[in-house]
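First comes the structure, then the notes that go with it.
Protein chains in written order, with the numbering used here: chain A, -16 to 96; chain B, 26 to 140.
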């Protein structure tokens, strides 16, 4: 069974205080690891897809990295508008041309001015 | 604007009264799926569809039905809703085909309450 564990569950940072969120996973046949941002009451917003160990992607203050067992979302000099829940999901091949997506429970980030 | 549209946004219903939540996408995506989100449990996949007339169960399919008669639409049907189906529901779509789905686009959600 595919498993995705995100840590910490919640994180409070001062504005400008850089940190990292962790996503550890066990999956058979990884076909992509996704990071999403979710604001309260809204649908998840796509951030990144990573496919292989060593891959990195950046967008503004966010940088995602991937190893064979985990992914990190690094947040550099965060601003209050970065406050949200960050979700990690793994996509696995389930046979017959089908793919399944399994989400972690998320890390709720609060950035204090 | 490229988007996934769910309706309704909010719904309160009574136990046993059949309901349908609609989902439509305008991006010509092959892949569509439904999720429910509950506090402490995160997002869990209900059903997914790789293309027209192809659907498969996710992690929590009990009590739900889906159909994919057209590429753009993927309705979620609750034939006899129960209070434990009270949740926030999301539809999502992605390019697929011969490659794995990438960069899922989510709808704005449907908050369902079953009393």
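Using N, Cα and C, we set each Cβ at its ideal position, and we do this for glycine too.
- Would you identify the three-state DSSP class for residue 28 of chain B, choosing helix, strand or coil? Three-state DSSP puts residue 28 of chain B in coil, outside helix and strand.
- Residues in the segment -4 to 14 of chain A with C-beta within 7 Å of chain B's C-beta atoms, listed in sequence order? 14
- Task: For residue 131 of chain B, go through chain A and note every residue whose CB falls closer than 9 Å to its CB, in chain order.
- Result: 19, 21, 25, 26, 27, 28 and 29
- Any non-hydrogen atom of the ligand ADP within 7 Å of residue 57 of chain A CB: In the structure shown, the ligand ADP is absent, as is every other ligand, since no ligand is present at all.
- Query: Are any of the Cβ atoms in chain D nearer than 8 Å to that of residue 63 of chain B?
  - Reply: Of the chains in the structure shown, none is chain D; the protein chains are A and B.
- Query: For the segment 83 to 93 of chain A against the segment 28 to 38 of chain B, are there 3 or more C-beta pairs whose distance is under 8 Å?
  - Reply: Touching, no, given that fewer than three Cβ pairs across the two stretches are closer than 8 Å.
- Under 7 Å between beta-carbons, which chain B residues line up against residue 82 of chain A? List them in chain order, please. 125 and 126
- At a cut of 8 Å, does the segment 63 to 72 of chain A reach the segment 80 to 88 of chain A through at least three beta carbon pairs? These segments touch.
- Task: Take the Cβ of residue 102 of chain B as the centre, count every other Cβ of all protein chains shown within 10 Å, and call the residue buried at 16 or more, exposed below.
- Result: Taking every protein chain shown into account, the CB of residue 102 of chain B has fewer than 16 other CB atoms within 10 angstroms, so this residue is exposed.
- Message: Suppose you measure from the CA of residue 34 of chain A to the CA of residue 24 of chain A; what does that come to, to the nearest Å?
- Response: 29 Å
- Closest by CA to residue 57 of chain B, which one among B/94, B/137, B/104 and B/105? B/94
- Within chain B, partners of residue 32 of chain A - CB distance below 8 Å: Near residue 32 of chain A (Cβ distances below 8 Å), the residues of chain B are 127 and 128.
- Message: With H, G and I counted as helix, E and B as strand and the rest as coil, what does DSSP make of residue 64 of chain A?
- Response: helix
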